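Undergrad: Numbered according to my numbering, the sequence shown spans residues -9 to 191.
Beta carbons are placed, not taken as given, at the ideal position from N, Cα and C, and that holds for glycine.
Here the structure is a predicted model, which means the values were calculated and not measured.
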Amino acid sequence: MKPAIQIDETFPGTYEVEELPELPGRGRFDVPVFYFTRATKTRPEHDGLWLKVRPRSGKSWVGVFGFGYAEPPAISRVLSTPDPDRVCIVSMGAYIVKPDQPDLWAEIPIMPGCDVRPVSEHQLLVFADLTRLAAYGRNGLVWRSLRVCWDELKILTLAGDWIEGVGYDPTSLDEMRFAVDLRTGCSLLPSPVSNDGKPLW
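1) Where do the N-terminal and C-terminal ends of the beta strand (DSSP E) with C176 fall, by residue?
2) Does S110 come out as helix, strand or coil in the three-state DSSP assignment?
3) Helix, strand or coil for P34, going by three-state DSSP, please let me know.
4) Output the distance between the C-alpha atoms of A149 and T174, rounded to the nearest integer angstrom.
5) Going by DSSP in three states, S70 sits in which element: helix, strand or coil?
6) Can you tell me whether T121 is buried or exposed, with buried defined as 16 or more other CB within 10 angstroms of its CB?
7) Let's test the definition: count the other Cβ atoms within 10 Å of the Cβ of V106 and tell me whether it reaches 16, buried, or not, exposed.
8) Could you tell me whether the Cβ atoms of G83 and G53 are closer together than 8 Å?
9) What's the call for L179, buried or exposed, on a 16-neighbour Cβ count within 10 Å?
10) Note the first and the last residue of the continuous beta strand (DSSP E) segment covering W51.
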């Protein structure tokens, strides 16, 4: 049996979410089903994370959140957001959904979703893919960083107003470090340079 999905409730929310491990015996649900997915060559019900969402006001519904990237290091997770009326579903990619109006949703421009950290001091969710970071706040996307490493991005610490980590560096035996300002998404360390001294990103 696969482990239950992680549900992070750092921020208060006006809804409840539960994972559905299997379809009901009669083959259909007694609540509406919504699909949140990219175009896929397979049937969408075979290619996503199934969740039941119960908003404080409004009717319950089932969501199928399409996998944006089918292999590790991508993750699947449910998180509350700085907006109590929106929930974040990381299903290899990342979706922000309004529980009482499931047709109102958006994707975070991160692919694949390899990490996500709630930062209550800044009222942010910080997302990571393999090379970049993005931050989501109460009013939507706050920033998206430029590339901060070549590949294999790993968040190590969030301290004060910055986020630090490491990533793969093909030019060295050591991992390269990065540091990003949580308020702006700007890098606090210089970009690597080419042989002629020009920044690579």
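TA: Working from what's here:
1) Run containing C176: none; DSSP gives neither H nor E here.
2) Looking at S110 - three-state DSSP - the assignment turns out to be helix.
3) With a pLDDT of 48 at P34, under the threshold of 50, the predicted position of this residue should be treated as unreliable, though the coordinate-derived value follows. Three-state DSSP puts P34 in a helix.
4) Cα-Cα distance, rounded: 15 Å.
5) strand
6) By the 16-neighbour rule on beta-carbons within 10 angstroms, T121 is buried.
7) buried
8) No, these two residues do not count as a Cβ contact at 8 Å.
9) exposed
10) W51 to G56
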